[in-house]
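Protein sequence lines, in the order shown, are assigned to chains A and B. Heads up, the first sequence is in the numbering used here, so the first residue is 1072 and it goes up one at a time. Heads up, the second sequence is in the numbering used here, so the first residue is 1072 and it goes up one at a time. Note sheet for the following structure.
Protein chains: 2
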Amino acid sequence: MGRKEKNEQQREGIRQMILKEAKNLFLKDGYEATSMRKIAQGAGISPTTIYLYYKDKSDMAYALHKEGFKILGKQFMVLQSVENAFERLKAMGKIYLRFALENPDFYEIMFIMKEPIEFLSKQDTCEWEEGEQAFNSLLNTVADCKKEGFFKEMDERIVALNIWALVHGLCSLKLQGHLDHVAAAHLGEDMQRDVLDDAYNGLILMISSLR
Amino acid sequence: MGRKEKNEQQREGIRQMILKEAKNLFLKDGYEATSMRKIAQGAGISPTTIYLYYKDKSDMAYALHKEGFKILGKQFMVLQSVENAFERLKAMGKIYLRFALENPDFYEIMFIMKEPIEFLSKQDTCEWEEGEQAFNSLLNTVADCKKEGFFKEMDERIVALNIWALVHGLCSLKLQGHLDHVAAAHLGEDMQRDVLDDAYNGLILMISSLR
DNA sequence: TTTTTAAATTAACAGTGTTAATTATATTTG
DNA sequence: CAAATATAATTAACACTGTTAATTTAAAAA
């Protein structure tokens, strides 16, 4: 009995080791450029051994996807200490934005890449738990803002969705390289540096007048 | 002399034929799933012949990227007949959204994929002409709205960027599959169908009160 | 008609994700 | 303890991928 438990732990240890190597490579070279063979070499095992621990490559992408949501969730923890709902909403967006800029590869796996979501669809559970939970945090905050007089006569779900879409839009345009090109053509050099912050502050300004 | 001109035309003809086949496959199976060999087979030529007409695979992605912007530009043409600036802005967003939903693969090549933008960066011209032009249309419309009393005391470039980010955010969340999961968890079945329209109408409602 | 030039092709390289068959390693049983 | 069994890991193999270099074919010029 004790034997088997130890075996389970050993298995988990190898699982973790593989994921650690996959993470290093994914975050360094990106998903497509990271091959199973490279991961295996880094982990000191045979390429096909990975398939004894993960179903396929997208399975590993999903594992990192989950890890990313854990990190983001931890960063959201500080929001609990923010009493004022609107301040909390503002801080939430800032954290989200900062997370995307500081962890672009995690962000890509979490919100841009199709693979992790497709992996979910291929599995029995067709629920995107991580995303739904994160969206719920936003939804609750928006609902709290409504109680304080914001977003009158608007569906809080629609408001939350729009805010998410806006911030995600900024992040993805930035990370995919589109934003820089447009910024270079339409904004002064001084403004280019902090386009994202400027845009976000503009958003806050707009929302602020929606009392 | 005449000979050479005819040759140039022949070359262009083959170029078009290759691109046509690439387009079919890209729009059917996606960029990654489309191989040079499949394109060549469809065009009835040898795989390596493609490299006599296009630098590499990302070059063809960029060619389709340009084609997509031509289509979108044509659909934007009707906006010229809309006198009222705010109505024009509303219509612009609707056209953009519809284009994304009706041409998801074009949209992906134009606004999500890194390859076309990266191809630009590798070339001498580091300008994203198509994107900048499209953004300019939006920028002018926002500026016109400002003259009519909207977006007071706000930088029109910031407003335009936020609107683009919001609509793009909705489109990309929808196309990558994230939106459907969240909608399934938080919205009733009746609302799921037209989440995008509902969200966009919500946006218009919010902006409308920004006079 | 021969020479030159350009276009298209085949062969080849160095990889990719993944499955099936095989070997090595523990674990359990006689 | 030795033999049989179960499991973990490996090698071999498949059917691909984008791309380059060398070679052949076709057309134009001399």
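From the three backbone atoms N, C-alpha and C, an ideal C-beta is built for every residue, glycine too.
M1107/A has a beta carbon lying at 8 angstroms or more from every beta carbon in chain B. Distances from the alpha-carbon of F1140/B to those of M1131/B, F1182/B, I1116/B, M1163/B put F1182/B closest. With a contact defined as Cβ atoms closer than 8 angstroms, L1244/B and H1239/A qualify at about 6 angstroms. Nearest in C-alpha terms to A1162/B, of all of L1123/B, Y1271/B, T1120/B, is Y1271/B. Nearest neighbour of F1170/A by Cα position, chosen from R1228/A, D1251/A, C1242/A, D1261/A, turns out to be C1242/A.
Contact between the stretch 1122 to 1142 of chain A and the stretch 1173 to 1192 of chain A is present: three or more C-beta pairs spanning the two stretches fall below 8 angstroms. G1164/B counts as buried, since no fewer than 16 other beta carbons sit within 10 angstroms of its beta carbon.
Contact annotation, A1254/A with Q1263/A: C-beta distance approximately 5 angstroms; criterion of less than 8 angstroms satisfied.
For P1175/B, the enclosing alpha helix (DSSP H) starts and ends at 1175 to 1178.
For the stretch 1227 to 1242 of chain A, the beta-carbon criterion of a distance under 8 angstroms to any beta-carbon of chain B is satisfied by R1228, I1229, V1230, L1232, N1233, W1235, A1236, L1237, V1238, H1239, G1240, L1241. Under a criterion of Cβ atoms nearer than 7 angstroms, the residues of chain B adjacent to L1281/A are, in order, M1277, S1280.
Secondary structure of I1110/A (DSSP, three-state): helix. In the structure shown, the three-state DSSP call for N1155/B is coil. Its Cα nearest to that of R1159/A, the residue L1209/A stands out among Q1112/A, L1209/A, G1115/A, K1185/A.
Distance from the Cα of G1202/B is smallest, within the candidate group S1280/B, Y1167/B, I1121/B, R1086/B, for Y1167/B. Using beta-carbon distances, V1253/A counts as an interface residue toward chain B, with a partner under 8 angstroms. Chain order gives no chain A residues near M1163/B, where near means a beta carbon separation below 8 angstroms; the closest approach is about 16 angstroms. In this structure, A1236/B keeps its C-beta atom at 8 angstroms or more from the C-beta atom of L1143/A. Ranking I1188/B, K1099/B, D1251/B, E1227/B by CA distance to the CA of T1212/B puts E1227/B first.
Boundaries cannot be given for D1195/B, as no alpha helix (DSSP H) includes it and DSSP labels it neither H nor E.
Against chain A, the CB of Q1263/B has no partner CB under 8 angstroms away; the residue lies outside that interface. CA-to-CA, the gap between E1189/A and M1184/B works out to about 18 angstroms.
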